[in-house]
Amino acid sequence: MATGPGAEHPESRDSSSAAQAQAPRLAPLPFEKWDDETRSILLRYLRRPELYLSGAPDAPPMPKALGLFAHHVQLSETFLAFTDLFAGEHATLDPRHRELLILRVAWRTRSGYEWAQHTRIGMQAGLTTEQLYAIPHGAEAEVWTPVERALLAATDQMIDQSRVGDDTWQLLASHFDAGQLLELSFVVGGYLCLAAVLNSVGLQPDPPTEPVDAPALPAERDPSA
Numbered sequence: 001m002a003t004g005p006g007a008e009h010p011e012s013r014d015s016s017s018a019a020q021a022q023a024p025r026l027a028p029l030p031f032e033k034w035d036d037e038t039r040s041i042l043l044r045y046l047r048r049p050e051l052y053l054s055g056a057p058d059a060p061p062m063p064k065a066l067g068l069f070a071h072h073v074q075l076s077e078t079f080l081a082f083t084d085l086f087a088g089e090h091a092t093l094d095p096r097h098r099e100l101l102i103l104r105v106a107w108r109t110r111s112g113y114e115w116a117q118h119t120r121i122g123m124q125a126g127l128t129t130e131q132l133y134a135i136p137h138g139a140e141a142e143v144w145t146p147v148e149r150a151l152l153a154a155t156d157q158m159i160d161q162s163r164v165g166d167d168t169w170q171l172l173a174s175h176f177d178a179g180q181l182l183e184l185s186f187v188v189g190g191y192l193c194l195a196a197v198l199n200s201v202g203l204q205p206d207p208p209t210e211p212v213d214a215p216a217l218p219a220e221r222d223p224s225a
């Protein structure tokens, strides 16, 4: 049973079912229709492909995003290598900070797929249930440290103005080095790009493998939140 902030929010439910399922404009390509090249390339981006390919009754379905990427494997290989860097051995940001940026992008853009994926990943990275419930309130929520407030403010400024403001940049520069500043900017920009694509094609979240106590994502984008 969920405890903590989620218990105080009657609207809370599994974040992957926040929006009513609709037929996507561009449906994921079923795995059985992937050619050998597509399988060779895209399966590299599954953490444990053997789980998906085991054929067991409880095997998770292939992620819908990979099925979408299968329509243009050369483009997708380049983009996935780009986003995969953020969680790889060459990443320089704290995983909690990375996920905070991505989740604020997902909330602001109403990207159901990103929100469902990254509430789970964010919890694994160390975000708390209280913090997940604070993400909709942005930098104004009381739970954040000064650095976390600056990260959230930078995300909103990139979404709203396509530029991090001077005061926010100075706060970030007092904590992060040049490489990290570049990386956090690309995390926001990269996932903002991905959210626009996923929303445009109408990709719905994957079926949940385990519940996450997080606020339900509203169906419509609110430019002020």
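With the first letter of the sequence shown counted as 1, position 204 gets the number 204 in UniProt numbering; the numbers rise by one all the way through. The beta-carbon is built from N, C-alpha and C at its ideal position, and this holds for glycine as well.
Figure out for me which residue from TRP115, ASP84, LEU26 and VAL73 has the closest Cα to the Cα of ASP213. TRP115
Between the CA atoms of GLU140 and LYS64 - distance to the nearest angstrom: 34 Å
Please report the Cβ distance between VAL147 and HIS175, rounded to the nearest whole angstrom; I am assuming they are in contact, meaning their Cβ atoms lie under 8 Å. 5 Å
Return the CA-CA distance between LEU152 and GLY126, expressed in angstroms with no decimal places. 17 Å
Separation of ASP206 from ALA154, as counted between CA atoms: 29 Å
Pick out the complete alpha helix (DSSP H) segments inside the region 46-93, 4 residues or longer, and give them in chain order. 49-53, 64-69 and 73-85
Once you ignore the five residues that flank LEU171 on each side, which residues in its own chain have a CB closer than 6 Å to its CB? ALA150
From the DSSP output, in three-state form, read off ASP35 for me. It is coil, neither helix nor strand.
Simplified DSSP assignment, three categories, for ALA214: strand
Beta-carbon proximity list for GLU99, same chain, < 8 Å, skipping 5 on both sides: HIS118, ILE121, GLY122, ALA125 and LEU127
Just verifying my parser: in three-state terms, what is the DSSP assignment at TRP115? helix
Using a 10 Å radius around the Cβ and a threshold of 16 neighbouring Cβ atoms, would you call PRO28 buried or exposed? buried
If you draw a straight line from the C-alpha of GLU50 to the C-alpha of ASP166, how long is it? 47 Å
Cβ of THR109 within 7 Å of Cβ of ALA195? yes
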